[in-house]
């Protein structure tokens, strides 16, 4: 099916402009004018920002055709009201989310997804161990997997919580491993790289992201750690004579990569490679989360607001 | 291969008796007599108890033929020394553990394993749901699985830490479920029973128990929760059209049955059935652990010694 | 004193109906019309739901005669305003809460209280031990105790947080004990049943529930665990020759039934009966809390909202 | 019954001395001489120290007449063996603990018990509130209570873990309260003093201390917090018209004096008086525990050994 | 520079009064009248309370001259609007905070700061140890330090969170130490007093309090514990031959005075003096925090609202 | 003073060899031969291993001249006894530890200390920021500091717990920073490098290591975090116009480098550079600790023994 294309992004709409475009409905409210007549007050969005919308005509019938969370095609015009832009809706049709590219509507990585992927594939080709190399190839030749892997976010909140975030985070881990894998003696670099590339694959099934980023049923009930092991099992089953002992230490890297039971790993890291992966994953997640948080807020302020999960203010310093 | 049979158990050996039997070597020490000559001082055992052993002849050569942890066949005689029995070894040959039935040497359930199994199978036949019923049948018709499931312990320490303990614990859970499944409305009894029967299957690969109960590599690196999900995946793959949504809630019961992340569950129980399984599992584990601990100690004492894991003394009351 | 009777429940009031009935005032606000004249905006309720009320006349004097939290008798009429019903108050009189049956106004068990009580008494009669049997009789023959025990909630929030909830929870525990007491050898079933029936008696003085469910001073300062032991002491003092050793293990069941110090038990369970009671109490509290939470929310949704105390979403599954 | 008197304390026994005195048996072992003959090796003690003992004659019969933990009367003589004193036992008779004053055998306060008591009574007379004053008098006029209260330890280990320790700790708290009660406005000094004097009374039943300091059954099953409230209830019941509201805040001080649930208080301190009592109790317990620990060890060392409960080394400084 | 003086405090302003005075701007909002004209709606305050303000003229230019948080001088008149006073602004000028005495605008101790200081200095003169005495003098003769020490708050929230609070808290600690320092033998009273007086000095640089109480950059990045040690180092460097061993135990009192690592002390108290300081500091902080919380709320209520940090309700009792 | 030199290391001593060398006395015991004569049984060591020693002559006088922990010069001969080497002591003289190079006796880095230092200095020269560059030079030109910094261990146990360990760990951190500092945008590489080089300088005063590695008084009372800030303050005071804002964020890196209060940091990392330092420090400490632990144990075993601090077994894999 051909995807519908977004043309005018919210942050480029001007007063007076005629609009025929796709939006996601974030809010919908049936409201009443002073004369008692109803109208629909809408919160519309795409990945570039938010805009209010109003529909004056045929309100009650229209109200039944869509709900908040839907993608809709709107024909109408932009107007200024009390100093803010709003869309005056002439026509509104609900769309099938399968026809939409969510990357136009959800927060998305700022980096080129295909470039990131090809760099990751290139790194994966440096793996010498025959079995691990075969395994990585099997994943990267699996088109359904690669499609999800390129689009999935790495989180709902916190770090890399945007489309393409999983790939961005995974590439970052792979590059960090390349940079320091030779720093310590006795590290199995092939194992470390393979574990680093595959540690979060369960997230492609942990999250749904058609209209907003959320957990799937499987994500909430099984956790991406367990899902990742299951995916690894299935892929290994397609490879001849994949050694059981390698499979176990590789699965251990997925199982233990959250570091402690408190954070969802059934077992803590017990191999040198698993320990390294854990700290590099933490480093990348936290640096990225804090940097994103710093950038999201008042660029003038020396301090961020209070971060509820990390339980502190962060210092951006003074210009 | 035909298994070697144990004939004289340690707790039935008398002074003066000629012995030709199998023992497990718990300790081995090269010691010296007053005249400087070496001898081997052995700690021997079977499931009924311990007995010391000594070998006076050809000591240095003999010493190289076996290590602590081995099964050995000993010919010799029982004698009393300083008020205790000991075996004077005339001949000692190391045995292949594969020829030995570990139930003669390791602590073992006092209940009839086959009776327990057939009762569990019978309960599993009350499951009405076609898919769950097929799944349970697939497990119980898998001879390799059933053999392990009948022998495996449920733990290394704490509760049901003996051969057959996994089956005993599983049957107990199934019976508790039968007793109270109708107590609450809205419980899916088929799901609860199936989850109850399968919640600990990963333990058949988490533990090794040829010469003593210990964790396997996979057990320590992956945890029986993850192993159990993998086993379930493999078995489900053999069944036609097993519904994905049932598979997820069933796997969730394995994933969450330790109740919190602190105890190794990547996700806590999020369905009513998973919540019930968690509490019944805890109830059975703790009551059994405490009762075993109470029985192991001085039957006259009102209080047990301090239990280091449960961090308290237990009260047995007064006769 | 004769109790005033509730006649028209909120969920059965229709526009245009004349009303003369009792309500509890949840909110009261002095507001102003466009012309500057004051009026009283009220939030009224009974156990069936909420309705808004307005009083236009003699507002300032009326305002001084009652506060939020009071029971009031209202004469007036129901009218529709902006799509919602409201009561237009003609007369409003504050009532003495002692004349009111709180079960008409607070959330209340859906089950028949007297039937539950008689079933519990019947179970209590299966106790063979003479002393324990006398003790249970002494409680059930104490009319003041029984009245409170039939009405008290089991909690302010969470599980069984409604009038009659304490009895409902206690009966559930007693039935669970009956169902599984013979499952384990070595359990003193009489002790377990008695402890199960009495474990939460302190809650009759921990909560007040005349106009809303809240803690009493004693409840917040002493905890129902301590209050329960005090109640047991007083009742035991009325029985001849109640053995001290039985009294201690019975009081221990009250003292330890929250399982750990973290949850308010000065000592954790140290007898088999106390351990069993703890897990059955947890099982019943959690299953009931989660089921109530599941039922309270959007019946279409597969997932509940986030549960702040249990810190997770719960899965109700799909139809 | 007349108590038997201790005459020669262990730390004053010299080689060659004839002994006829009472000892507590800390250890007893049936050992064998080189010639195979048995003898009894004893560990004997009184509050001043330890001495070894040996019995050569009639060993097997003698062995059956007493166990470790018993008080015994020994006739014999002191002799030096391998540089250490030992008692050579000629006659040994088990004694009834009821005839013994445990203060001769267990660690005991170095301060005058009667003086401490009379100072505490004197402080209790400064309480102006009629009801609280009556209550304190009722306790101090209760001879059985006072006898226990003068002898009981305040702990098994840690602070004031010696006979008379409870009184010593209580007096210290009362003096601290006197010193700072006027420091803060709005404190009910009578309530604070009464709560301070009574906060640990449950310890007279929590510990047994006839032959060594240990927990009683009630102590381990109910905790001195609950026992203390029960004792208070019984004493209050003997006083006319003791106001319920005073009883609750006073019981709250017992209930909450461990400060948090983690340390066994079902509720944390919720009144100013309970908060003050908690910190003064902590101050006295910790200062005393650490000072005792400092004094027990090598007086030359700048640092104590590692304190396992308080998890640190303590610094005594350099002379 | 001469400080500008506050004359009319908010709680003494009457309708109709002409105003020419200093206020702190808590809130500022550009709003619109029905006719579309803009006006400024202000929240103004001094330490006695809050008052609304409105500016009708020259709004857009005026709006650019100040922000929320500024001190401003306002000329205008007080008028009543919808039952509340408001200031109608005729002229508004932003002021330099350096010219303002923050004690007129921020919550401030109710006690006489100079009296408190002189009492503290007097106590400090009782210190006999030559080095400690010199050190205290050096601090009290340091005018810049004393100025800050007299004004600084002891906290942003919780206890003594007002100007002068640091001095008030420090004096309270010094008095408590005087009251009980002789209670225990073996305490170095000079050390305890000096540590008590200096334990919180780091707070003079941890907080800023020109327009509101907040953390400084150094406060958030270094913590007053570390800042306090740095200040002590600098002051000690000005004293001849200050003994290193005294410096260490004194710095240890600052380092450890939060009691545990959880609360920010890099090491827990390891000397008797540090232990005592910790508990007295806790006592003073908690009693003061709870008393302040009790006084802030409805004086009629028996219970305070829920205290989010201390996680409980507090009981004020009934009149 | 000239240092005495170690010549024969323990692991190179052969039976029959004459010895005149320095040892550290790990254990000393006065024992008795069968004939009742005393002798001294010694545990002697240098960094290469342990050897037993015996002294037969003039035992009681000799015994008074030294204690365990002393360095001694021993003349004597090596002999074999029951299959183990021992030194038969002819002469033994206590030595002044100041004359000894502890690196001959304590576990010591296997790497070249001077090479490591010069590499670290070289890295420090890449810092561009004038102030930070001056600061690093000031440290590396301070001979007393450099001497300690080259010898100090990084820990008493766990990671880099050997002489030279602090330098080895610091160099490793600096190299890791070089490898990944450009990986993230927005990182102040100069600040990160300087903080990385200086983060643990406090350890040169936290540990003593003349005869064994232990904490100093200052180490235990102040913690190396506080000591490090003090050292930084002193060095910054020697530099003209060192900017206060740089000083604060640099000190913050020392203050926060343990990551959380639980591990001794008064404040957690609040800048990107502090966050990165924390994770790299953790990575280096844990990888090194685990690798050392793996190497210390049976090289055949697939698993290490249980690690008490990290609370797990580690998997070394199979050859």
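Protein chains in written order, with our numbering: chain A, 1 to 319; chain B, 1001 to 1319; chain C, 2001 to 2319; chain D, 3001 to 3319; chain E, 4001 to 4319; chain F, 5001 to 5319.
Ideal Cβ placement from N, Cα and C applies to all residues, glycine included.
In this text the structure is predicted, and so the values were computed from the model without any measurement.
Answer with yes or no whether the minimum CB distance from residue 4308 of chain E to chain C is below 8 Å.
The residue you call residue 4308 of chain E lines up with position 308 of the fifth chain. So no, residue 4308 of chain E is outside the interface.
Residue-level contact to chain A via CB, residue 4217 of chain E, 8 Å cutoff:
By one-based count along the fifth chain, residue 4217 of chain E stands at place 217. Yes, because at least one Cβ of chain A sits closer than 8 Å to the Cβ of residue 4217 of chain E.
Tell me which residues share the same chain as residue 3084 of chain D and place their Cβ nearer than 8 Å to its Cβ, disregarding the 5 neighbours each side in the sequence.
The count along the fourth chain starts at 1 and reaches residue 3084 of chain D at position 84. Short of 8 Å from the beta carbon of residue 3084 of chain D, and not among the five residues preceding or following it, lie these beta carbons of its own chain, in chain order: 3052.
Closer than 8 Å, CB to CB, is residue 2220 of chain C near chain E or not?
Counting from one through the third chain, the residue named residue 2220 of chain C turns up at place 220. It does: the Cβ of residue 2220 of chain C has a partner Cβ on chain E nearer than 8 Å.
Cut-off 7 Å between Cβ atoms - residues of its own chain near residue 2319 of chain C, not counting five sequence neighbours on either side
In the third chain, residue 2319 of chain C corresponds to position 319, counting from 1. In this prediction, residue 2319 of chain C has a pLDDT of 40, which is less than 50 and means its spatial position is unreliable; what the coordinates show is noted afterwards. Once the five neighbours on either side are set aside, residue 2319 of chain C has no close Cβ partner at all.
Would you say the beta carbon of residue 294 of chain A comes nearer than 7 Å to a heavy atom of the ligand MN?
Absent from the structure shown: the ligand MN. Ligands present: none.
Where the beta strand (DSSP E) containing residue 286 of chain A begins and where it ends
The count along the first chain starts at 1 and reaches residue 286 of chain A at position 286. Taken as a continuous stretch (DSSP letters only), residue 286 of chain A belongs to no beta strand (DSSP E), being part of the alpha helix (DSSP H) at 272-296.
Status (buried if at least 16 other CB within 10 Å, exposed otherwise) for residue 1223 of chain B
Sequence index remark: in the second chain, residue 1223 of chain B carries index 223 (1-based). By the neighbour-count rule (16 or more Cβ atoms within 10 Å), residue 1223 of chain B is buried.
Does residue 1204 of chain B come out as helix, strand or coil in the three-state DSSP assignment?
Numbered from its first residue, the second chain carries residue 1204 of chain B at position 204. If DSSP states are grouped into helix, strand and coil, residue 1204 of chain B belongs with the helices.
Is residue 3100 of chain D closer than 8 Å to residue 3022 of chain D when the C-beta atoms are compared?
As a position in the fourth chain, residue 3022 of chain D is number 22, starting the count at 1. As a position in the fourth chain, residue 3100 of chain D is number 100, starting the count at 1. Yes; because the gap between Cβ atoms is below 8 Å, this pair is in contact.
Taking only three categories from DSSP, how would you classify residue 403 of chain A?
Outside the shown range of chain A (1 to 319) lies residue 403 of chain A, about which nothing can therefore be said.
State the start and end residues of the unbroken beta strand (DSSP E) segment that holds residue 4220 of chain E.
By 1-based counting over the fifth chain, the position of residue 4220 of chain E is 220. From DSSP, residue 4220 of chain E is part of no beta strand (DSSP E) but of the alpha helix (DSSP H) over 4217-4236.
Going straight from the alpha carbon of residue 5252 of chain F to that of residue 25 of chain A, what length do you get?
Within the sixth chain, residue 5252 of chain F is the residue found at index 252, counting from 1. Within the first chain, residue 25 of chain A is the residue found at index 25, counting from 1. The alpha-carbon separation between residue 5252 of chain F and residue 25 of chain A amounts to approximately 45 Å.
Suppose you measure from the CA of residue 3292 of chain D to the CA of residue 4192 of chain E; what does that come to, to the nearest Å?
As a position in the fourth chain, residue 3292 of chain D is number 292, starting the count at 1. As a position in the fifth chain, residue 4192 of chain E is number 192, starting the count at 1. Straight-line Cα distance between these residues: approximately 19 Å.
Using a Cβ-Cβ distance cut-off of 8 Å, determine whether residue 4994 of chain F contacts chain B.
Lying before the first or after the last residue shown, residue 4994 of chain F is absent from chain F, which here runs from 5001 to 5319.
Look at the alpha carbon of residue 4103 of chain E and the alpha carbon of residue 3129 of chain D, and state the distance between them as a whole number of angstroms.
Along the fifth chain, one-based indexing puts residue 4103 of chain E at 103. Along the fourth chain, one-based indexing puts residue 3129 of chain D at 129. Taking the straight line joining both Cα atoms gives about 42 Å.
Measure the alpha-carbon distance for residue 1077 of chain B versus residue 1045 of chain B and round it to whole angstroms.
By 1-based counting over the second chain, the position of residue 1077 of chain B is 77. By 1-based counting over the second chain, the position of residue 1045 of chain B is 45. Approximately 15 Å between the Cα atoms of the pair.
Which two residues bound the contiguous alpha helix (DSSP H) that contains residue 1059 of chain B?
Position 59 of the second chain holds residue 1059 of chain B. First-last of the alpha helix (DSSP H) with residue 1059 of chain B: 1059-1063.
I'd like to check one pair, residue 4027 of chain E with residue 4049 of chain E: are the Cβ atoms closer than 8 Å?
Looking up residue 4049 of chain E in the fifth chain gives position 49. Looking up residue 4027 of chain E in the fifth chain gives position 27. Contact flag unset, no.
Taking the alpha-carbon of residue 3012 of chain D as reference, which of D:3030, D:3073 and D:3087 has the nearest alpha-carbon?
Here the question's residue 3012 of chain D lines up with position 12 in the fourth chain. Considering only alpha carbons, the answer is D:3087.
Euclidean distance between Cα positions of residue 3179 of chain D and residue 3172 of chain D:
Residue numbering aside, residue 3179 of chain D sits at position 179 when the fourth chain is read from its first letter. Residue numbering aside, residue 3172 of chain D sits at position 172 when the fourth chain is read from its first letter. A direct Cα-Cα distance of roughly 11 Å separates residue 3179 of chain D from residue 3172 of chain D.
Secondary structure of residue 1302 of chain B, DSSP reduced to three states
By one-based count along the second chain, residue 1302 of chain B stands at place 302. Coil at residue 1302 of chain B, not helix or strand.
Could you name the residues of chain I that residue 4177 of chain E contacts, counting a contact when the two beta carbons are closer than 8 Å?
The structure shown contains no chain I; the protein chains it does contain are A, B, C, D, E and F.
On a CA-only basis, which of F:5213, F:5030 and F:5217 is nearest residue 3301 of chain D? Give me that one, please.
Looking up residue 3301 of chain D in the fourth chain gives position 301. Measuring from the Cα of residue 3301 of chain D, the nearest candidate turns out to be F:5217.
C-alpha distance - residue 5148 of chain F paired with residue 1156 of chain B, whole-angstrom precision
Counted from its first residue, the sixth chain places residue 5148 of chain F at position 148. Counted from its first residue, the second chain places residue 1156 of chain B at position 156. Spanning the two alpha carbons is a distance of roughly 48 Å.
Check whether residue 4109 of chain E and residue 4047 of chain E have beta carbons under 8 Å apart:
Residue numbering aside, residue 4109 of chain E sits at position 109 when the fifth chain is read from its first letter. Residue numbering aside, residue 4047 of chain E sits at position 47 when the fifth chain is read from its first letter. No; because the gap between Cβ atoms is not below 8 Å, this pair is not in contact.
Is there a C-beta anywhere in chain C that falls below 8 Å from the one on residue 1282 of chain B?
Sequence index remark: in the second chain, residue 1282 of chain B carries index 282 (1-based). For residue 1282 of chain B, the answer is yes, since a Cβ of chain C falls inside 8 Å of its Cβ.
Straight-line gap, residue 269 of chain A to residue 2154 of chain C (C-alpha atoms, nearest Å)
Stepping through the first chain from its first residue, residue 269 of chain A is reached at position 269. Stepping through the third chain from its first residue, residue 2154 of chain C is reached at position 154. Approximately 44 Å, taken between the alpha carbons.
Contiguous alpha helix (DSSP H) assignments of at least 4 residues, all confined to the segment 3047-3126 of chain D:
Listed in chain order, the complete alpha helix (DSSP H) runs (minimum 4 residues) inside the segment 3047-3126 of chain D are 3059-3063 and 3113-3124.
Sort out for me which residues DSSP pairs residue 4312 of chain E with in a bridge.
Along the fifth chain, one-based indexing puts residue 4312 of chain E at 312. Paired residue(s): E:4307.
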